Amino acid sequence: MHQLCSNSLFFSTHSSSRYSVAALLGAIETDPRLLDLEIRAPTNLTNDDIRKSVEKGQTIIAHSVMSTQTERIFEEVRRIREKFGKQVTIVGGGPHASARPKDLFLSGFDYAVIGEGENTFPELVDALLSGKDPLKIQGVVGRSSEIWPRPQEIPIVDLDKYPPFAIGMNIVGPIEITRGCPFKCKFCCTPFLTGCKVRHRSVASVIKWLTAAVEKSGFTRAWFLSPNALSYGGKGMRAEPEKLESLLRESTKVEGLDEMFFGSFPSEVRPEFVTQPILEMLRSYVANTSVQIGLQSSSDRVLSLANRHHTVEQGMRAVRIALDSDFTPHVDMIFGLPGETKKELRDSIELCYTLVEMGAKTHGHVFMPLPGSVYEEMPPGELDSESRRRLGELSRRKEMTGSWSAQERLAEFLWTQNKKSKKKDGPC
Ligand code: SF4
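Offset between the sequence shown (1-based) and our numbering: plus 61.
1. DSSP has LEU364 in a bridge; who is on the other side?
2. Grouping DSSP H, G and I as helix and E and B as strand, with all else coil, what is GLY487?
3. Please check the pair VAL152 and ASP164, which I expect to be a contact at CB under 8 Å, by giving their CB distance rounded to whole angstroms.
4. Tell me, please, whether the stretch 93 to 110 touches the stretch 180 to 187 by the rule of three or more beta-carbon pairs shorter than 8 Å.
5. Take VAL435 as the anchor and find which of TYR223, ALA227 and CYS246 has the nearest alpha-carbon.
6. Could you give the DSSP three-state label for PHE226: helix, strand or coil?
7. Which ranges would you report for the alpha helix (DSSP H) in the stretch 241 to 286 if only whole runs of at least 4 residues count?
8. Specify, as a first and last residue, the run of the beta strand (DSSP E) that ALA173 falls within.
9. With DSSP run on the structure shown, which of helix, strand or coil describes MET439?
10. Report the start-end ranges of each beta strand (DSSP E) in the stretch 100 to 170 that is 3 residues or longer and not cut off at the edges.
11. For the ligand SF4, which residues have a Cβ under 5 Å from at least one heavy atom, in chain order?
12. Could you name the residues that DSSP lists as bridge partners for PRO183?
13. Going by CA-CA distance only, name the one from LEU86, PRO103 and ASP219 that's closest to GLY154.
14. Given VAL363, which residues of its chain have a CB within under 7 Å of its CB, disregarding the five upstream and five downstream residues?
15. Using 8 Å for Cβ pairs, my map puts LEU106 next to ILE89. What's the rounded Cβ distance?
16. Would you list the one or two residues that DSSP bridges to LYS422?
17. Using the Cα positions of GLY487 and ARG381, report the straight-line distance between them to the nearest angstrom.
18. Between the alpha carbons of GLN375 and GLU333, how many angstroms are there, rounded?
19. Between PHE244 and TYR293, what straight-line distance do the alpha-carbon atoms span, to the nearest angstrom?
20. Smallest Cα separation from TYR346: which of SER73, LEU356 and LEU309?
21. Do you know whose CA, among VAL264, ARG133, SER128 and VAL417, lies nearest LYS459's CA?
22. Going by beta-carbon coordinates alone, are PRO441 and ALA467 separated by less than 9 Å?
23. My understanding is that PRO430 touches ARG161, with C-beta atoms under 8 Å, so please give their C-beta distance in whole angstroms.
24. Return helix, strand or coil for HIS63, following the three-state DSSP convention.
25. Check for me: the alpha helix (DSSP H) holding GLU303 runs from which residue to which?
26. In terms of residues, what are the limits of the beta strand (DSSP E) holding LEU86?
27. Secondary structure at MET321, three-state DSSP: helix, strand or coil?
28. Name, in chain order, the residues that DSSP records as bridge partners for THR462.
29. Is the stretch 193 to 213 touching the stretch 111 to 121, taking contact as three or more C-beta pairs under 8 Å?
30. Starting from the Cα of ASN349, find the closest Cα among SER266, ALA158 and ASP387 and give me that residue.
31. Note down, in chain order, each residue of its chain lying with its Cβ closer than 8 Å to the Cβ of GLN199, except the 5 sequence neighbours on either side.
32. Can you name the start and end residues of the alpha helix (DSSP H) that VAL380 belongs to?
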């Protein structure tokens, strides 16, 4: 058997990272250097799978590591390392690899990819298979690295150069249309990970991949991914309605596509981008009956502390416009943001009740100190028993969704980890 045909890449997949895995596998499967590679994306990577692959040739195992998933992933990596030792190469990317690369090496990873992976990850796989030194690749670090770049120091990716998903493997999902965000909300790690410079996938590229997904994967519905969907086409600080309409108009023309979802989960819109004309235009193209609006707090003071750059009134105005335009606003709120008083927490929860009375739905989060965010060293968000009771009531009435209880535990976990990471900063 030809040696190259025997090499394997397992991209361990989990629901929390499926969109980024789809995009990275799209970059891998279309890379002409890697056509002979056997690629799999298991949700449950077994010792048996690895053993069979190791018997056949070189085996690379990849993880996209989110900071909220480190416990599970690091445990899996330790298990594999114990069982297979140096017979496998384990590489990690994603938010935690960019923010805390040294953590990955403590659990047994060999290499970490810092920053956006579409260019770096295939380079790394190619280097591993062809015997080149992976540490010469910009954005790849290992245990012995002396320089630990930040994602901003790695060249940004041109979305048009890469597929949004892996059509060959039939791993498809939303099309990422925008990357980067000029707003620097302190609770968010997007500006750290993808930079403040906004880039968009061109309309032509969106159409190309939508058409391919319809033809090859039987796509009948399309979703889009963006940090702020209504910012499409511009520099990110204000809407460009003509460019947005061009994307929607051309996308809905793709033959075989029955429905298009835009501005709803998994994307979000910033409140000050919501205007009546824009939502009316959206209404004429999209199938979604809701729009996802990030309001986050009932307090202008807390919003300002978090560098959110909009007011509560702008949020409420966006909600009213959405209702007038026949969309159900789904409003995101974060409880326990740094500096929030008990009264402000209660007021935010009461605002959720007001929103529900107006006809909106709410989505509740508890503040988590995400590595890479400005607030990464802040104490975790916490609810008191009365707040939990009020949120539970909304949830039972199906007026609020969200995993605030799990997030409270995760926030505590992240805070503890963040403190440990600070202490062990230095050579690993
Ligand atoms: S929360 Fe949204 S608007 Fe704020 S920095 Fe993150 S992506 Fe940008």
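Every residue, glycine too, gets a C-beta built ideally from N, C-alpha and C. In this text, all values refer to a predicted model and were calculated from it rather than measured experimentally.
Checking against the coordinates, here is how it stands:
1. According to DSSP, which records beta bridges pairwise, LEU364 is partnered with nothing at all.
2. Low confidence applies here, because GLY487 scores a pLDDT of 42, under 50, leaving its location unreliable and the question unanswered by this model.
3. Actually they are not in contact, since the Cβ atoms of VAL152 and ASP164 sit about 14 Å apart, beyond 8 Å.
4. yes
5. CYS246
6. coil
7. 251 to 255 and 264 to 278
8. 172 to 174
9. coil
10. 120 to 125 and 149 to 154
11. CYS242, PHE244, CYS246, CYS249, THR251 and PRO288
12. Note: PRO183 sits in no beta bridge, so no partner.
13. LEU86
14. LEU398, GLY400, GLU401 and GLU405
15. Wrong, their Cβ atoms sit about 17 Å apart, outside the cutoff.
16. HIS391
17. The predicted model places GLY487 with a pLDDT of 42, which falls under 50 and marks its position as unreliable; any figure quoted below should be read in that light. Answer to the nearest angstrom: the Cα atoms are 51 Å apart.
18. 6 Å
19. 15 Å
20. LEU309
21. VAL417
22. no
23. PRO430 to ARG161, Cβ: 12 Å. No contact.
24. Low per-residue confidence applies at HIS63: pLDDT is 45, beneath 50, and the placement is therefore not dependable, though the value from the model is reported in the following sentence. In the structure shown, HIS63 sits in coil (DSSP, three-state: anything other than H, G, I, E or B).
25. 302 to 313
26. Note, LEU86: premise wrong, no beta strand (DSSP E); alpha helix (DSSP H) at 79 to 90.
27. strand
28. HIS424
29. no
30. ASP387
31. THR181, PRO210, ILE215 and PRO216
32. 373 to 385
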